[in-house]
Every structure is written in C-alpha cells, then in structure tokens.
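J.:
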Amino acid sequence: MLKINNLHASIEGKKILNGITLEVNAGEIHAIMGPNGSGKSTLASVIAGKEEYEIESGEILFNDEQLADLKPEERAREGVFLAFQYPVEIPGVSNINFLRTALNEKRAHQGLEPMAAKEFLTLVKEKAALVQLDDKLKNRSVNEGFSGGEKKRNEIFQMAMLNPKLAVLDETDSGLDIDALRIVAHGVNTLKSAENATIVVTHYQRLLDYIVPDFVHVLYNGKIVKTGGKELALELEEKGYDWIKQELGEEIKV
Amino acid sequence: MAYTEEDLKEELKGKEYEFGFTTDIESDKISVGLTEDTIRLISEKKNEPDWLLSYRLKAFNVWQAMNEPEWAHVHYNKPDFQAISYYAAPKQKKVLESLDEVDPELRKTMEKLGISLEEQKRLSGVAVDFVMDSVSVATSFKEKLGELGIIFCSFGEAVQNHPDLIKKYMGSVVPMTDNFYAALNSAVFTDGSFCYIPKGVRCPMELSTYFRINESGTGQFERTLVVADKGSYCSYLEGCTAPQRDENQLHAAVVELIALDDAEIKYSTVQNWYPGDDKGVGGVFNFVTKRGLCERNAKISWTQVETGSAVTWKYPSCILKGDNSIGEFYSVAVTNNFQQADTGTKMLHIGKNTRSTIISKGISAGKSQNSYRGLVKIGKDAQNARNFSQCDSLLMSDRCGAHTFPYIECDNPSAKVEHEATTSKIGEDQIFYCLQRGIDEEKAIGLIVNGYAKEVLNKLPMEFAVEAQKLLEISLEGSVG
Chain A
5 MLKINNLHAS IEGKKILNGI TLEVNAGEIH AIMGPNGSGK STLASVIAGK EEYEIESGEI
65 LFNDEQLADL KPEERAREGV FLAFQYPVEI PGVSNINFLR TALNEKRAHQ GLEPMAAKEF
125 LTLVKEKAAL VQLDDKLKNR SVNEGFSGGE KKRNEIFQMA MLNPKLAVLD ETDSGLDIDA
185 LRIVAHGVNT LKSAENATIV VTHYQRLLDY IVPDFVHVLY NGKIVKTGGK ELALELEEKG
245 YDWIKQELGE EIKV
Chain B
29 MAYTEEDLKE ELKGKEYEFG FTTDIESDKI SVGLTEDTIR LISEKKNEPD WLLSYRLKAF
89 NVWQAMNEPE WAHVHYNKPD FQAISYYAAP KQKKVLESLD EVDPELRKTM EKLGISLEEQ
149 KRLSGVAVDF VMDSVSVATS FKEKLGELGI IFCSFGEAVQ NHPDLIKKYM GSVVPMTDNF
209 YAALNSAVFT DGSFCYIPKG VRCPMELSTY FRINESGTGQ FERTLVVADK GSYCSYLEGC
269 TAPQRDENQL HAAVVELIAL DDAEIKYSTV QNWYPGDDKG VGGVFNFVTK RGLCERNAKI
329 SWTQVETGSA VTWKYPSCIL KGDNSIGEFY SVAVTNNFQQ ADTGTKMLHI GKNTRSTIIS
389 KGISAGKSQN SYRGLVKIGK DAQNARNFSQ CDSLLMSDRC GAHTFPYIEC DNPSAKVEHE
449 ATTSKIGEDQ IFYCLQRGID EEKAIGLIVN GYAKEVLNKL PMEFAVEAQK LLEISLEGSV
509 G
C-alpha cells in the first residue's frame, strides 16, 4: 500500500529525513518510535503533504501512485488520514458539519452522491460509540474547549467516519490518561481490517501494549536504524534510546 | 376589489411610462452641480409639497456650513460635490435578450451565490415574462399587506399619499443637522422606502425591496423610514447579495427606524456594492447614517453583512429612550484588496433598564483596513442599564489592518458595561487540518470564516443567511497569505 524509497526531506533548508525506506502492506500495523527530534512527526507530515516540508529526493508511493503529485486534500480523499498530534480548533464550525463536509468531499471524489442526512447521523452514532465520544462534543465547534483526551478521541472518531486506507497516528498517545489510551486503542483495533493499514508514531512503548504492531521501526537522525517485531518496543523501553545510539554510534555520526 | 395580476401588469406598464422609460432619457437628467435651484428642481420634478421643499432648502443651508468629517480611519479622495448630477430619472437599462449577454464574471458570481435563473435575469436586466413567479408572489404579498393595513411603498409615493406620517417622523431620529452626509441626503434625496406597521400588527413576512416591484431604482441618496406603531413587529431586509454595480461613486443614505412602545423592528442588511478592482481603482463610497429610536419596551435589532464598497462609513445606532428598551447590533464586515471600512454602532442609553448587545466581527484580507468604532453612552437617568460588546477581528493576510475604537461614556453608577475584543489570524494550521480531511482550501476558508461569523449570520433570516454565507466565501476567495 505504502512504499517509501530512500526519502530525504527538509524544512526551511534544514534536513530532517535522511533516506527513509519503508513498506507498509494492507492489514499491517507499523509502529515508528524514536527519541525527540528524530524525524517521526516530520515523516507523518510529509506523508500528509504539509507544505513547509520539501522532498529533496526519494519517493513515496501510495497504491503505486506518487504521493508528491497529489495535493494534501487529494491524498486525504484517496484515503490517507493523519491523526494530529495537536488537533486544531476551528471556532464556530460544528464538529458534525465539519465531518459531513469532509465525508462528502471524499464521496464526491469517489463519484458518490452526498450522504443522506439520516444515514449520516446513523453512522455518526455508531462511530462515536466506538470511542465513547460524548454526545455534546459532536455538536460543539471542532476541538474548541475539548480536553486533551477528548481531542485525541475526536481524531479517532473522524478516522472512523472517514474510513481511510492508511491512517497515520502522530503521537496520539501523548497527553492521554490510561483510560483514554484504552479507548483510543480500542477504536484503532476495531477499525483494523485486511484492507487498511496503520502507522503509529509514538515516543513510548505504552500505547503498543494496547495496539499491537506487526513491525516496530526505530527512527534516529532521520533514518530507520532498526526494524523488528513488537518485542523491539519492549527492548527499547527497557534499555532506552541510548542503547540504539551506542549500538549505531559511529555509523550515525558520519 | 381584488388586485389581480392583470392590474399589476397595467400598473407596471404605467410605471415604465412614468419613469420616462419610453421618453428621451437625457431630458430627465439635470446638469451637474448643487445649488438651491437644483434642489427646487428636484422637488418640482417629484411634485413635492412646499413643506418638503423648505425642509430640503434648510438642510442645504445646514450642509453648506458643514465640513466633511475626517475622524474616520479611512483615506480617499473627497468627492467633488459640484461634479455630481443630483437628479436622474431611473435610466432604462438596456434590456437584454438572454443571459448570454450578461457579463460572464457577474454570472459566475451569481451562480456561485446560488441565485436562481429567473432571479439572475431580473438582477441583470434580462427581459422577463410578466407571469414569472416573483411577480405573482409580489401580488399576493401586496394584497396581504394591504389587508393588515401595512403601508410599504417608495418614499416618493409616501410623500404624496401619507404626508402626515412623513411630516411627523422624517428627520425625527436623524435630524438634518446630524452630520455632513445626513444633511446632504436631507437636501437632495431622491427616493427610498417607507414602511408603516399599524398598532398591534405583526407583519407576517420579511419586507424587502426585492418584493417592492414598483421600486424606482434606489439611487445614490436613498432615504428609508420605518415606523412600527405600538405593539407591532416587522422584519426588514435591505440590499442584496448579488454584486451591485453602480456608476455613482458616492452613496449617502439615511435610514430612520421608529419603534413605538412595545414594538420591535429587525433590520437586516447585506451590502455588496462594487468594491473597486484588486488594484484599488474605483468602487463605491458608502457613507450611511442609520439610526433607530426605541420607545418604552421597544426593541431594535440591526444585523449587517458588509462585503462591498471601496470606503464604508456606517454606524447603525439605537437611541434607547424608553424604559426597558433593547438595542442590538450584529455585524460582519469583510474588507479585501484595498477596501476600507470604518463601521460600528452607537448605543445611547437614556431610559431605565435599557439593554444593548453589540457583536462585531471584522474580517480583513489583502491590503484592506477594517475598523470597528462604537460608542456606548449611559445617560444619568439610565438606571440599571446594561451593555455587552464583543468585537472580534480576523486577519487573513499580513498586509491588512484591523482596528478597534470603542468609546464608553457612563454617567450612571448603576450601569454595567462589558467590552470584549479579540484579534486572530486565520491559521495555516486550521487550513491544513481541513485539507488533511479532504476539504480544499476554498471550502476550508469558507468554513472557518463562516464559523467565525456564525453568531451574526444566525441573526439573519434563513434564506438571506444562506446567501450571505456564500457571499463571504466569494469575497475572500484566494485571499489567504
């Protein structure tokens, strides 16, 4: 589904990604871990198409299509979803109206009619239950006055509504208490299918107790330096990122 | 006797003649310049009674002694008042055969606004069949109003048919001495609208100039007078979301609202005059004086969506004279490119327990300048007066300006006055968030701006609100940066 080949990217002339190669297939969950500043969030932003980031070389293929050729909104309509680390507030725009606009844009892209109101509301009810989103939050302005946990749950709610092929969760666990973490993880696990894939970007192993990855990649200085199964996350938790630094020290300094 | 479509058709035919549509147009336009003779000529052409002529002449004298105000935060070349022609019978617009002849830019905008084909034809002067919907609607509309004793006609007609009402109320809220432009208007106004709601009558429909089909081209010095008698209610719509092109650069209108005891007037405006091009050339100067008077327990609510004009100078105000009266002002003012707006309100609390609410939402884009200017004055007898003001500014670019000039004068210690103000810049983060959900930039800006202006848009009558939303989106197209 997603093939990243030797990707180099920078922001404002500062190089962040130094040759990332990664393949994600349908039905898989990949975890990307790494210390602060290793390029995790940059990778998520580059996949989503944030303008400030420049791809210097390499490519990202999404279902054999060059992602770089698509505008951010086109990527979204094709099924790329980013759960934001810091979900943005949009005052005065109801969560429901926002989602309906998003959903119908996607449907229009697929050549479908806008979803009928009744059908839409049924879907909202079903998906909101998945992340136990409070009824009142659906009609409040997008993320405005939401607590940290509510914002993250709202991200997963949107993901459930839009049913993406590839979901990138950017530090969705940060700022979550253990109950919220469980709810979010439950949402992600329920949405998992043989047709979609998920990339979980995280700092801590904690989330991976609940969302069990098929692969764990360690990102360091803009490069994937180690790949393993779920046990790699546990090893990292135990030994810390210094272990990776030491193990690869010489090579990375160059 | 029932008023039928046939009668209406006859009446309209008559009107065409009356307005000189079939006669030589040039002969009905007086030469440029403004003197007492000009005013006599206007008055004569309109067959006005003597008292109105004296009123005009008095206003002219007052105006001559006045100077054009310079305190507003706007810069423009002052109009040459001697280079304007002050009376022209409405010109016959060239009747077009079909919509294909209409300026494609204009059509595109109208389509985006969701204006129906029939309506597009009407607005752009395409010949329309008399049996079209709006005419029959207007006919039944007129009948219904007549049954209730509601008077809704042009100002000129009102002068002829209801001189007592005009004499009693005209200038009672905005005196001719009020300001430079009001004085000018009082001297040279050509036409406008008049509306009277009798005691205890609740006007069942929105009164709008759209339905006043005998409208004679509003002209540049328009005068509106709405009188709601005791215990009555009406909602009045002014303007139109469709782009208004006008060769007259200067517009100086006067609007007076009178809400007698227990009456309520809701006055909504959507203003979309030509703002000039993207280099700041051309555009309408809109210098308007709007004010309402509230007697006991009365309520006046102003709602405005201002997107047009090169320069706007406008402060719809309320004089809360009667005890327990209520004044409201809800405004969205958008400026783009080189537009300048200095707009706001005055709430004058005179009676006891008077309340006022001000919600102002400014949106500046391009290189425009957008100012809110408001006065809340609590008189010494206004026991327990309350005011709440909220003035928000949204910046769409880093070359535009937003300014807030709130004035508060309080002479009564029991009053409570609250003022809140915020300024924010439309976030690239907000836009990216929308993009990532599959919503393109244009729609994203529409969503964000409409969300921002929601409190005001909600106050507009339903169908007006939908058009106003689209208008905001169109006014700001491609303006983030």
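As they're listed, the protein sequences go chains A and B.
For my numbering, add 4 to where a residue sits in the first sequence, where the first one is 1.
For my numbering, add 28 to where a residue sits in the second sequence, where the first one is 1.
Think of the CB as a built atom: it goes at the ideal place given N, C-alpha and C, for glycine as much as any other residue.
All values derive from a computational prediction rather than experimental measurement.
1. By the three-class DSSP mapping on this structure, what secondary structure does Lys-258 (chain B) have?
2. For Ile-328 (chain B), return the contacting residues in chain A, with the cut-off set at a CB-CB distance below 9 Å.
3. May I have a chain-ordered list of the alpha helix (DSSP H) segments no shorter than 4 residues that lie completely inside the stretch 74-144 of chain A?
4. In three-state terms, what does DSSP make of Cys-231 (chain B)?
5. So, for Arg-251 (chain B): in the same chain, excluding its five sequence neighbours on each side, which residues have a beta-carbon less than 6 Å away from its beta-carbon?
6. In the DSSP assignment, find the unbroken alpha helix (DSSP H) run with Met-204 (chain B) in it and report its ends.
7. Give a yes or no on whether the minimum CB-CB distance between Tyr-358 (chain B) and chain A is below 8 Å.
8. Buried or exposed: His-103 (chain B), going by 16 or more other Cβ atoms within 10 Å of its Cβ?
9. Between the beta-carbon of Pro-91 (chain A) and the beta-carbon of Ser-145 (chain A), is there less than 8 Å?
10. Assign Ile-248 (chain A) to buried or exposed, taking buried as 16 or more other Cβ atoms, counted over all protein chains shown, within 10 Å of its Cβ.
11. Can you find a CB in chain A that lies within less than 8 Å of the CB of Ile-476 (chain B)?
12. Sort out for me which residues DSSP pairs Ile-386 (chain B) with in a bridge.
13. List the DSSP bridge partners of Val-146 (chain A).
14. Compare the C-beta of Glu-16 (chain A) with all C-beta atoms of chain B and state if any pair is closer than 8 Å.
15. Using 7 Å as the cut-off, classify the Cβ of Leu-252 (chain A) as near or not near the heavy atoms of the ligand PLP, replying yes or no.
16. Of the choices B:Leu-81, B:Leu-422, B:Gln-277, B:Glu-448, whose alpha-carbon is the least far from that of Ile-476 (chain B)?
17. Which word fits Asn-10 (chain A), buried or exposed, when buried means at least 16 other C-beta atoms lie within 10 angstroms of its C-beta?
18. Could you round the C-beta distance between Asp-257 (chain B) and Pro-226 (chain B) to whole angstroms and report it? I think they count as a contact, below 8 Å.
19. Kindly indicate if chain A contains any beta-carbon less than 8 Å away from that of Ile-386 (chain B).
20. Quick one, which residues of the stretch 479-495 of chain B are near chain A if we go by CB-CB under 8 Å, in chain order?
21. Roughly how many angstroms separate the alpha carbons of Gly-114 (chain B) and Thr-340 (chain B), rounded to a whole number?
22. If the cut-off is 9 Å on Cβ atoms, which residues from the stretch 158-182 of chain A count as contacting chain C, listed in chain order?
23. Starting from the beta carbon of Ile-467 (chain B), find every residue of chain A whose beta carbon is closer than 7 Å, and list them in chain order.
24. Listing by chain order, which chain A residues have their CB less than 8 Å from the CB of Gln-497 (chain B)?
25. For Glu-60 (chain A) and His-12 (chain A), what's the separation of their Cα atoms in angstroms?
26. Can you tell me which of the three DSSP states Tyr-264 (chain B) falls into?
27. In chain A, which residues lie with their C-beta within 7 Å of the C-beta of Gln-458 (chain B)?
28. Whose C-alpha, out of A:Glu-16, A:Leu-26, A:Phe-102, A:Leu-173, is nearest the C-alpha of Lys-7 (chain A)?
29. So, at 6 Å on beta carbons, what are the nonlocal neighbours of Gly-62 (chain A) in its own chain, with the 5 sequence-adjacent residues on each side left out?
30. Between the stretch 52-86 of chain A and chain B, which residues of the former have a C-beta closer than 7 Å to a C-beta of the latter?
31. Excluding the 5 residues flanking Phe-433 (chain B) on each side, which residues of the same chain have their C-beta closer than 8 Å to its C-beta?
32. Around the C-beta of Lys-408 (chain B), are 16 or more other C-beta atoms found within 10 angstroms, so that it is buried, or is it exposed?
33. Taking Ile-8 (chain A) as part of the beta strand (DSSP E), name the residues at either end of that continuous run.
34. Rounded to the nearest angstrom, what separates Gln-89 (chain A) and Leu-321 (chain B) at their Cα positions?
35. Check each candidate in A:Asn-193, A:Ala-30, A:Met-165 and name the one with the smallest Cα separation from Leu-103 (chain A).
36. Tell me the rounded alpha-carbon separation between Leu-71 (chain A) and Cys-262 (chain B).
T.: Result, derived from the coordinates:
1. coil
2. None at all; the shortest Cβ gap to chain A is about 26 Å.
3. 76-82, 99-113, 121-134, 139-143
4. coil
5. Phe-183, Phe-217, Gly-220, Val-282
6. Element bounds for Met-204 (chain B): n/a, residue is neither H nor E.
7. Taking 8 Å as the threshold, the shortest C-beta distance from Tyr-358 (chain B) to chain A does not fall below it.
8. exposed
9. No; because the gap between Cβ atoms is not below 8 Å, this pair is not in contact.
10. buried
11. Judged by the 8 Å Cβ criterion, Ile-476 (chain B) is in contact with chain A.
12. B:Phe-357, B:Ser-417
13. Residue pairing by DSSP puts Val-146 (chain A) in a beta bridge opposite A:Ile-94.
14. no
15. Ligands in the displayed structure: none, and consequently the ligand PLP is not present.
16. Ranked by Cα distance from Ile-476 (chain B), the options B:Leu-81, B:Leu-422, B:Gln-277, B:Glu-448 are led by B:Leu-422.
17. Classification for Asn-10 (chain A): exposed.
18. Their Cβ separation, rounded to whole angstroms, is 5 Å, which keeps Asp-257 (chain B) and Pro-226 (chain B) in contact under 8 Å.
19. Chain A contact via Cβ: absent.
20. Gly-479, Tyr-480, Ala-481, Lys-482, Glu-483
21. Note that residue 114 (chain B) is Tyr in the sequence shown, not Gly. Roughly 21 Å between the two C-alpha positions.
22. Looking for chain C here will not work: the only protein chains present are A and B.
23. Using a Cβ-Cβ cut-off of 7 Å, Ile-467 (chain B) is close to Glu-77, Thr-105, Ala-106, Glu-109 of chain A, given in chain order.
24. Per Cβ cutoff of 8 Å: no residues; Gln-497 (chain B) is ~12 Å from chain A at best.
25. 5 Å
26. strand
27. Val-92, Ile-94
28. A:Leu-26
29. Asn-9, Asn-10, Leu-11, His-12
30. Ala-52, Lys-54, Pro-76, Glu-77, Ala-80, Arg-81, Leu-86
31. His-101, Gly-372, Ser-399, Tyr-400, Arg-401, Gly-402
32. exposed
33. 6-15
34. 53 Å
35. A:Met-165
36. 57 Å
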